[in-house]
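Visitor:
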């Protein structure tokens, strides 16, 4: 069975500091991995996704994530946090041939001035 | 192009009342989903419809029914609401039946059951 674990339900960083949000997955088959962002009172929108090919994936708003099969991880990073990055971030996994996405419990990012 | 729309945005029900949450997408997507979001639990899949005319249970289907009315619309019905169904409900759609497709989410319906 697939699962996703996001370490840290709340993360605080200073404006301009590195953002690192952790995601580990469990899957018996090669997974497809996604990061979604949710701004207050809105639905989720895609930040980036890994399907096949290059393991370093670049997304919108300067975010990127690296798929590390040996570590079963797909951590999200951004070199320099901006106040507008404050939101909740969800990691999700799905296996090829299925339609059921499994979401992590989310990490709320706070950016301090 | 409105994307995924949901109605209503907010709803308060009394225990035992029924209601239907509406979802529509104008992107000609094939697959549609209903999730609930609860604090500390992320999103949990209630039901999904891989294509028009088909529906399948997700992780937490008890207490809910769905209808894929046509390709555009996918409704979620609570026949007898319970306080445990207080949640934020999101509808989502994807273009095709490929696992790599991006999900597009609606703005959500905030439901309170008293």
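Protein chains in written order, with this note's numbering: chain A, 25 to 137; chain B, 22 to 135. Glycine is no exception: its CB is placed at the ideal position from the N, C-alpha and C atoms. Since the model is a prediction, treat every value here as computed from it, not as a measurement.
(1) Note down the Cα distance separating residue 133/A from residue 123/B, rounded to an integer number of angstroms.
(2) Starting from residue 52/B, find everything on chain A with Cβ-Cβ shorter than 8 angstroms and list it in chain order.
(3) Report yes or no: do three or more beta-carbon pairs, one from the stretch 124–132 of chain B and one from the stretch 56–74 of chain A, lie closer than 8 angstroms?
(4) Taking contact to mean 3 or more Cβ pairs, one atom from each stretch, closer than 8 angstroms, check whether the stretch 106–123 of chain A and the stretch 86–99 of chain B are in contact.
(5) Reducing DSSP to helix, strand and coil, say where residue 109/A ends up.
(6) Out of 49/A, 135/A, 50/A, 54/A, point me to the one whose CA is closest to residue 76/A's CA.
(7) By the criterion of Cβ-Cβ separation under 8 angstroms, what are the contact partners of residue 33/A in chain B?
(8) Listing by chain order, which chain B residues have their CB less than 8 angstroms from the CB of residue 114/A?
(9) Indicate the three-state DSSP secondary structure (helix, strand or coil) for residue 85/A in the structure shown.
(10) Are residue 49/A and residue 94/A touching if we call contact CB-CB under 9 angstroms?
(11) Could you spell out the range, first to last residue, of the beta strand (DSSP E) harbouring residue 42/B?
(12) Note down, in chain order, every chain B residue with its Cβ under 8 angstroms from the Cβ of residue 129/A.
(13) Could you tell me whether the Cβ atoms of residue 87/A and residue 73/A are closer together than 9 angstroms?
(14) Could you name the residues of the same chain whose beta carbon sits closer than 8 angstroms to that of residue 41/A, not counting the 5 residues immediately before and after it, in chain order?
(15) Considering only residues of the same chain and omitting the five flanking positions on each side of residue 128/A, which have a CB-CB separation below 8 angstroms?
(16) Using DSSP with H/G/I as helix, E/B as strand and the rest coil, what is residue 66/A?
(17) Beta carbons nearer than 9 angstroms to chain B: which residues of the stretch 62–78 of chain A have them?
(18) How is residue 26/A classed by DSSP in three states: helix, strand or coil?
(19) Based on DSSP bridge pairs, tell me the residues matched to residue 63/B.
(20) Which bits of chain D does residue 23/B rub up against, with CB to CB less than 8 angstroms?
(21) Answer yes or no: do residue 52/B and residue 60/A have a C-beta to C-beta separation smaller than 9 angstroms?
(22) Give me the Cβ distance between residue 106/B and residue 87/B, rounded to the nearest whole Å; I'm assuming they're in contact under 8 angstroms.
(23) Please classify residue 69/B as buried or exposed, where buried requires at least 16 other C-beta atoms within 10 Å of its C-beta.
(24) In chain A, which residues lie less than 9 angstroms from residue 71/B when you measure between Cβ atoms?
Guide: Quick look at the numbers:
(1) Against the first chain, residue 133/A aligns to sequence position 109. Against the second chain, residue 123/B aligns to sequence position 102. Distance between the alpha carbons of residue 133/A and residue 123/B is about 23 angstroms.
(2) As a first step, residue 52/B is located in the second chain; it is residue number 31 there, counting from the start. Under the 8 angstroms cutoff, chain A gives 123.
(3) yes
(4) no
(5) In the first chain, the residue the question calls residue 109/A occupies position 85. Correct three-state label for residue 109/A: helix.
(6) The count along the first chain starts at 1 and reaches residue 76/A at position 52. Measuring from the Cα of residue 76/A, the nearest candidate turns out to be 54/A.
(7) Looking up residue 33/A in the first chain gives position 9. Here the neighbours are 61.
(8) On the first chain, residue 114/A is found 90 positions in, with the first residue counted as 1. Neighbours of residue 114/A on chain B, chain order: 63, 64.
(9) By one-based count along the first chain, residue 85/A stands at place 61. Helix, per DSSP.
(10) Translated into the one-based positions of the first chain, residue 49/A becomes position 25. Translated into the one-based positions of the first chain, residue 94/A becomes position 70. No; because the gap between Cβ atoms is not below 9 angstroms, this pair is not in contact.
(11) To locate residue 42/B, count along the second chain from 1; it is residue 21. Run containing residue 42/B: 40–46, per the beta strand (DSSP E) assignment.
(12) Numbered from 1 along the first chain, position 105 holds the residue referred to as residue 129/A. Under the 8 angstroms cutoff, chain B gives 61, 62, 63.
(13) For the purposes of this step, residue 87/A is taken as the residue at position 63 of the first chain. For the purposes of this step, residue 73/A is taken as the residue at position 49 of the first chain. No. Outside cutoff.
(14) Mapped onto the first chain, residue 41/A falls at position 17. Cβ within range, chain order: 104, 105.
(15) Along the first chain, one-based indexing puts residue 128/A at 104. Correct list, in chain order: 28, 29, 30, 47, 114, 115, 116.
(16) Position 42 of the first chain, counted from the start, is the residue given in the question as residue 66/A. Coil.
(17) 62, 65, 66, 67, 68, 69, 70, 73, 75, 76
(18) Residue numbering aside, residue 26/A sits at position 2 when the first chain is read from its first letter. Residue 26/A falls in the coil class under three-state DSSP.
(19) Position 42 of the second chain, counted from the first residue, corresponds to residue 63/B. Note: residue 63/B is bridge-paired with 59/B in the DSSP secondary-structure output.
(20) Of the chains in the structure shown, none is chain D; the protein chains are A and B.
(21) Position 31 of the second chain, counted from the start, is the residue given in the question as residue 52/B. Position 36 of the first chain, counted from the start, is the residue given in the question as residue 60/A. Their beta carbons are not under 9 angstroms apart, which means residue 52/B does not touch residue 60/A by this criterion.
(22) Locating residue 106/B in the second chain gives position 85, where the first residue counts as 1. Locating residue 87/B in the second chain gives position 66, where the first residue counts as 1. Incorrect: roughly 14 angstroms between the Cβ atoms, too far for contact.
(23) Within the second chain, the letter at position 48 stands for residue 69/B. Classification for residue 69/B: buried.
(24) Translated into the one-based positions of the second chain, residue 71/B becomes position 50. The answer, in chain order, is 123.
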